[in-house]
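The structure under discussion appears below in the form of structure tokens.
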Amino acid sequence: MFDEGRTVALNGVSLGVERGEFLAVQGPSGSGKSTLLHLIGALDRPDRGTLVVDGVDLVKVRNLNRFRSEKIGFIFQLHNLIPHLTALENVLIPASGRKGDFESKARTLLEEVGLGSRLGHRPPQLSGGERQRVAIARALINDPKIVLADEPTGNVDSRAGQHIMKILRGLQSKKGVTLILVTHDRSLAEEAGRTINILDGRVV
Amino acid sequence: MSLLFLIIKNLFRQRVRSLLTALGIGLGIAVIVALFTLTASMVSDFSASLESGESDILVAQKNVADLALSSIDEKYVEQIEGLEGVEKARGVLLAFPRFEKAAFFVLYGENPEDSGREYRIVEGRLIKAEGEIMVGKIAAENFDLALGDKMRFGSSTELGVVGVYEKGIALDDGAGVTTLADAQGIMELKGKVSLIGVKLDFGADADATAEKIEQMIPSVLATRSDKFLETQSDFESLDAFNLVFSVVAIIFGAVVVLNTMVMSIFERIREIGVLRAVGWTRTRVLAMILGESAILGILGFLIGSFLGVVAVFVLTSLPAVRGFISFSLDPAVFLSAFEIGFATGVLGGIFPALKALKITPLEALGYE
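The listed protein sequences derive, respectively, from chains A and B.
Counted the way our numbering counts, the first sequence spans residues 1 to 204.
Counted the way our numbering counts, the second sequence spans residues 1001 to 1368.
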């Protein structure tokens, strides 16, 4: 959609998500799904309206870095791991500079996603599914309250995709994390507690 | 995981490129280390040579660009000796005859028994009469001289070697000493001296006496011997020369770092976006980039210092130089080289770091 020459990605969206909820967001390419995820994850700011996440008004707050670091865990479609760092070091990246024993926590997280034996492997030495599991562990290192996953299974085979979804479901059910999943895949969306559809920047 | 660990990992990622960048900085640093070390050694040798005598005041011709060009009438030696507070005044002629075997050879024209400077004789004896010369140990090796040999100056003068001395100062050990009259004859400077060394009575005021000398002889500059080098314009020129070289080396090194870091940032736009997306602040990204470039500068300092020391060692071993400058290392030179290496790295990293700061997570994550 275009408004006076500017692209309007989302318009008139009103959405509430409960703490600990598993929400799936569906819609065709370019519909505004990822933009919604970026706004909730404080990677972008809305031009108008209000956006409150975990009690923080993201339109007004200045330090979005801290918000992202403390409250949000991102899982991207492309794992976006740093290729020259090991799996363990990649998981530690968001905690870099923070005080605490993050190394043992990172080891535990990698064991939880089934990569306890691959700690010292670098991304080029891992399969697509394994890389995405490292990315999940990285998203969890700072104990986020909300995990935002943008097509997390989009780049892996179906078996790896099932494994990843099992881990994500566990996050929501066992750790009480609020999980917002953007996906094209209807069968994945059906696993969520609620599904919303976005079309041309509006929730339909 | 500490920031330093990540910085080092990032540099190791492109080892060859990092090494070549450090080498680029290192070459500039090597030139600086070599130049500064040679200059410092030269100044130190010159100071040691001047201060090895017992003179409290040194008198040279005013407004000459180089001490070698200083020429004072010998008659002033007596006039200065007559001043109140002066115990002794001695004239010395510095001659710089040219030889093929050693480009730099100083011939002192003075009476060593009366010069106030100590010569430790290792072979033979001190000169006693005209037609005699004693040479320093390095000069004896450079010119392959032994006692009884003749040393020819110009077309008509020959001096017989009567002694070999060692003072432990390269400038003096690469030199020779003959009588004032012989030196004046060789240089065709009858009745002239280059310097007058003045020894004061115990308790006499050096500054006040120097002022009196200048009032009495307006064409000379009289300075306390410990401050003498500061008044010499050729040594001031060396400082200016070193400064110009340092600035050129910094600019050259900074451009090398700039090139490397800009390439590195463009290759890592997506990565930097991920760091920002997972909560890294702009300050932390800035520290990472500047840290990488600063470490390249420090590596350049280490490589450059090593190469510079090797260059100085080789240069001071050459016969043409060893009688002029000794091999000695000054910690202040390495401190300056470190500062220059560090500044080069940081300067070269500023633009790429500012470029990295402008990367927004969203733009970067969409960047291929």
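We treat Cβ as the ideally placed atom computed from N, Cα and C, and that holds for glycine.
Which residues in chain B sit within 7 Å of S96(A), going by Cβ to Cβ distance?
The contacting residues are M1001, L1003 and L1006.
Does any C-beta atom of chain A lie closer than 9 Å to the C-beta of T1039(B)?
No, T1039(B) does not count as interfacial toward chain A.
Around the Cβ of F2(A), are there at least 16 other Cβ atoms within 10 angstroms (buried) or fewer (exposed)?
For F2(A), the predicted model reports a pLDDT of 41, less than 50, meaning its position is unreliable; a value from the coordinates is still stated below. Exposed.
Check the Cβ-Cβ distances between M1(A) and every residue of chain B, and say whether any is below 9 Å.
With a pLDDT of only 40 at M1(A), under 50, the local geometry of the prediction cannot be trusted, and no value is derived from it.
Assign I1269(B) to one of three DSSP states: helix, strand, or coil.
Reduced to three states, the DSSP call for I1269(B) is helix.
Alpha helix (DSSP H) containing V1311(B): first to last residue?
With the sequence shown as reference, residue 1311(B) is identified as Ala, and Val is not the correct amino acid for it. It spans R1282 to S1317 - the alpha helix (DSSP H) in which A1311(B) sits, taken as one unbroken run.
Considering R1224(B), what are the terminal residues of the beta strand (DSSP E) in which it resides?
Unbroken beta strand (DSSP E) run through R1224(B): V1220 to R1224.
Please determine, among A1294(B), E1054(B) and T1037(B), the residue with the shortest C-alpha to C-alpha distance to I1325(B).
Taking only the C-alpha atoms, the option nearest I1325(B) is T1037(B).
Starting from the N-terminal side, write out each stretch of the alpha helix (DSSP H) that is 4 residues or longer and does not extend beyond the stretch 76 to 126 of chain A.
If we require 4 residues or more, the alpha helix (DSSP H) runs fully inside the stretch 76 to 126 of chain A come out as 87 to 92 and 102 to 112.
So, does the CB of H184(A) fall closer than 9 Å to a CB anywhere in chain B?
No - not a single Cβ of chain B is within 9 Å of the one on H184(A).
Under 9 Å, do A1311(B) and V1016(B) count as touching if we go by C-beta distance?
Not closer than 9 Å, so no.
Looking at chain A, is there any beta carbon in it that lies within less than 9 Å of the beta carbon of N1010(B)?
Judged by the 9 Å Cβ criterion, N1010(B) is in contact with chain A.
Just curious, the alpha helix (DSSP H) that Y1119(B) is in, first and last residue?
From DSSP, Y1119(B) is part of no alpha helix (DSSP H); its letter is neither H nor E.
Exposed or buried, P124(A), counting other C-beta atoms within 10 Å across all chains shown (16 or more means buried)?
Result: exposed.
For N240(A), go through chain B and note every residue whose CB falls closer than 9 Å to its CB, in chain order.
The structure shown does not extend to residue 240(A), since chain A is modelled only from 1 to 204, so the question has no answer here.
Determine, using beta-carbon pairs with one atom in the stretch 1340 to 1347 of chain B and one in the stretch 1165 to 1178 of chain B, whether at least three such pairs fall under 8 Å.
Not touching, per the Cβ criterion.
With DSSP collapsed to three states, give me the class of M1216(B).
Looking at M1216(B) - three-state DSSP - the assignment turns out to be helix.
Inspect the beta-carbon positions of I1350(B) and I1250(B) and report whether they are closer than 9 Å.
No, these two residues do not count as a Cβ contact at 9 Å.
With H, G and I counted as helix, E and B as strand and the rest as coil, what does DSSP make of L1362(B)?
It is helical.
Taking the C-alpha atoms as reference points, what is the distance between Q1061(B) and F1235(B)?
Going by the C-alpha atoms only, they are around 16 Å apart.
Taking 8 Å as the threshold, find out whether the stretch 107 to 122 of chain A comes into contact with the stretch 147 to 158 of chain A through three or more Cβ pairs.
Because the criterion of three Cβ pairs below 8 Å is not met, the stretch 107 to 122 of chain A and the stretch 147 to 158 of chain A do not touch.
Kindly indicate if chain B contains any beta-carbon less than 9 Å away from that of N155(A).
With 9 Å as the cut-off, N155(A) does not count as an interface residue toward chain B.
Whose C-alpha, out of L37(A), E21(A) and F76(A), is nearest the C-alpha of L1365(B)?
The shortest C-alpha separation from L1365(B) is found at F76(A).
Distance check for L171(A) and N65(A), CA to CA, integer angstroms please.
For N65(A) and L171(A), the distance between alpha carbons rounds to 23 Å.
Name, in chain order, the residues that DSSP records as bridge partners for Y1076(B).
Paired residues: none, contrary to the question.
Looking at chain B, is there any beta carbon in it that lies within less than 9 Å of the beta carbon of G41(A)?
G41(A) counts as touching chain B.
Using beta-carbon positions only, say whether I1080(B) and M1216(B) come within less than 9 Å of one another.
Cβ atoms of I1080(B) and M1216(B): closer than 9 Å.
Mind checking if D47(A) is an interface residue toward chain B, Cβ cutoff 9 Å exclusive?
With 9 Å as the cut-off, D47(A) does not count as an interface residue toward chain B.
Where does G12(A) fall in DSSP's three states?
DSSP places G12(A) in coil when its eight states are reduced to three.
In three-state DSSP terms, what is I212(A)?
Outside the shown range of chain A (1 to 204) lies residue 212(A), about which nothing can therefore be said.
Buried or exposed: D1207(B), going by 16 or more other Cβ atoms within 10 Å of its Cβ?
Flag for D1207(B) reads exposed.
For L1058(B), write down the residues that DSSP places opposite it in a beta bridge.
Answer is G1197(B) and T1223(B).
If we define contact as Cβ-Cβ less than 9 Å, is E18(A) a contact residue for chain B?
Not an interface residue.
Looking only at C-alpha atoms, which of L1083(B), T1316(B), W1280(B) and A1022(B) sits nearest to V1199(B)?
For the record, residue 1199(B) in the displayed sequence is Lys; it is not Val. Out of L1083(B), T1316(B), W1280(B) and A1022(B), L1083(B) has the C-alpha closest to the C-alpha of K1199(B).
So what's G1082(B) in DSSP terms, helix, strand or just coil?
Looking at G1082(B) - three-state DSSP - the assignment turns out to be coil, as it is neither helix nor strand.
Tell me the rounded alpha-carbon separation between E1087(B) and D1201(B).
Rounded to whole angstroms, E1087(B) to D1201(B) spans 5 Å at the Cα level.
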